[in-house]
Amino acid sequence: MGKKNLKKLVVSFFLIFLSTLAALLLRQASLVEQSPSPEFRKKGPDSARIRIFEHSDFGCPACALSHKYLNELLSVYKEEIQLNFKHYPLPELHPNSPKAALYADCAGRQGKFWEFADSLFSEQEKWVRAENPEPFFEGLFRKLGLDAEKLKRCAADPETLKDFNMDVSFGDLKRIDATPTFFVNGERAVGPGQLSEKIRHWESKK
Amino acid sequence: MKETKEQALNWGALLARFAVGGVLVYAGFLKLSAPVEEFAYAIESYRLLPYDLSLLAASVMRWFELYLGVFIIFGVFTRFSVLLSLAVFAAFEFFLLQAIIRNLPITNCGCFGASSSNGIYTEFFLNLVWIILSFFILKKGGSLSVDSLLDRMEENENKK
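Those sequence lines, one after another, are chains A and B. Following the working numbering from start to finish, the first sequence increments by one per residue and tops out at 206. Following the working numbering from start to finish, the second sequence increments by one per residue and tops out at 160.
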């Protein structure tokens with residue numbers, strides 16, 4: 001090897017070292033522990049071997065797909081999986097999602113969170129791009145037998161907003177940028193493909 | 001006159017090196033500052049690689065982009081680095097083109113992380129710009145670089 005190439009290699013290693021150091025300093029390890037969701041956003045026993053945290057946006061199509069898969073999974077592994085739902089709407093993409101999340105939480109306080117969430121996901125196209133999604137939401141209140149007045153008061157309550165904002169801040173701390181993001185026993189999975197891969201991995205270990 | 005034109009081309013090539021290298025460093029840093037699974041998810045959405053390979057590609061590519069960008073900016077092994085970057089841009093162009101042809105539901109390209117990426121049509125044309133600039137660097141991009149500095153040092157030593 002020529003002297004010139006040797007010098008180039010030395011410079012290369014120096015540049016690789018410096019840029020690696022800069023990249024590692026930029027990355028911040030997320031050591032934040034997951035806190036459980038409120039009871040109405042939890043499915044499955046606390047003793048479950050698998051704990052899944054679902055950070056989701058009611059307006060995102062991939063979230064709807066994953067949610068359907070999770071429902072199928074939970075119907076098979078009732079005792080082995082616990083699902084915790086966390087709100088992480090992306091309002092710049094789906095401006096109606098935060099409102100839907102607040103209504104879902106208030107439906108949860110009337111015992112119908114999962115029914116409300118399932119309808120939001122399965123009928124996503126009816127409200128996600130709507131200029132005024134209120135008629136759809138009101139139709140859903142009626143369909144699920146919810147007390148609409150009480151639910152609207154609850155959605156305007158600062159306490160409800162606080163719970164919702166806590167979920168979003170928590171998602172920020174966990175450095176979530178894409179939805180849906182899952183944590184399966186602490187391991188991150190983004191999107192339905194990675195989630196099913198994690199579940200397959202768990203099944204093969206049984 | 002000819003000298004001035006040559007000088008202008010050299011400065012243009014230096015700017016092109018900063019642009020191409022800069023975009024690679026920026027893309028690499030953004031992906032490195034986010035969890036690797038997010039970039040893997042973006043790769044998966046092109047439906048060409050299975051999950052395991054997407055995760056492997058995501059882990060490797062973000063470091064590769066960063067180093068390649070740094071090498072191009074400083075002009076170390078410039079020709080080789082630019083040829084590699086051309087291969088990366090060409091592969092990405094293929095990913096984008098097949099996504100457009102297959103009408104895949106991709107809302108952002110994933111090239112600058114999950115939250116700040118372009119749509120695939122915008123990225124397809126932007127990527128062409130990087131390819132053209134890379135060819136320009138291949139032709140004229142050696143000046144004001146570590147490579148040219150070492151060449152001059154060697155020449156001076158030989159003269160002595």
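For each residue, glycine too, the CB sits at the ideal point set by N, CA and C.
query: With respect to the alpha helix (DSSP H) encompassing A/V10, which residues constitute its N-terminal and C-terminal limits?; result: 3 to 26
query: Does B/S33 get closer than 8 Å to chain A when you measure Cβ to Cβ?; result: yes
query: With respect to the beta strand (DSSP E) encompassing A/I176, which residues constitute its N-terminal and C-terminal limits?; result: That residue, A/I176, is in no beta strand (DSSP E); it is neither H nor E in DSSP.
query: According to DSSP, simplified to helix, strand and coil, what is A/V128?; result: coil
query: When you compare only the Cα positions, how much space is there between B/F64 and A/L161?; result: 43 Å
query: To the nearest angstrom, how far is the alpha carbon of B/F95 from that of B/A57?; result: 13 Å
query: Is A/E159 helix, strand or coil when you go by DSSP?; result: helix
query: If you compare alpha carbons, which of B/N118, B/I132, B/L138, B/I106 is closest to B/Y41?; result: B/I106
query: Whose Cβ in chain B lies nearer than 7 Å to the Cβ of A/G191?; result: Y41, E44
query: Any beta carbon of chain A sitting closer than 8 Å to that of B/Y51?; result: yes
query: Taking the C-alpha atoms as reference points, what is the distance between B/K181 and B/Y26?; result: Residue 181 of chain B cannot be examined here, being either before or after the span of chain B that is shown, 1 to 160.
query: From A/Q110 to A/P98, what distance separates their C-alpha atoms?; result: 19 Å
query: Alpha carbons only, please: which of A/L151, A/P38, A/L24 is nearest the one belonging to A/H87?; result: A/P38
query: Start and end of the beta strand (DSSP E) containing A/I50?; result: 50 to 56
query: Looking at the C-beta of B/S146, does it have a partner C-beta in chain A at a distance below 8 Å?; result: A small correction: the amino acid at residue 146 of chain B is Val; Ser does not occupy that position in the sequence shown. Closer than 8 Å: yes.
query: Assess, as a yes-or-no matter, whether the segment 44 to 62 of chain A is touched by the segment 116 to 132 of chain A under the definition of 3 or more beta carbon pairs within less than 8 Å.; result: yes
query: Give a yes or no on whether the C-beta atoms belonging to B/F89 and B/A13 are separated by under 8 Å.; result: no
query: At a CB-CB cut-off below 8 Å, which residues of chain A make contact with B/Y26?; result: Those within 8 Å of B/Y26 in chain A number zero; the least Cβ separation is about 12 Å.
query: Would you say B/G21 and B/I73 are within 8 Å of each other, going by their C-beta atoms?; result: yes
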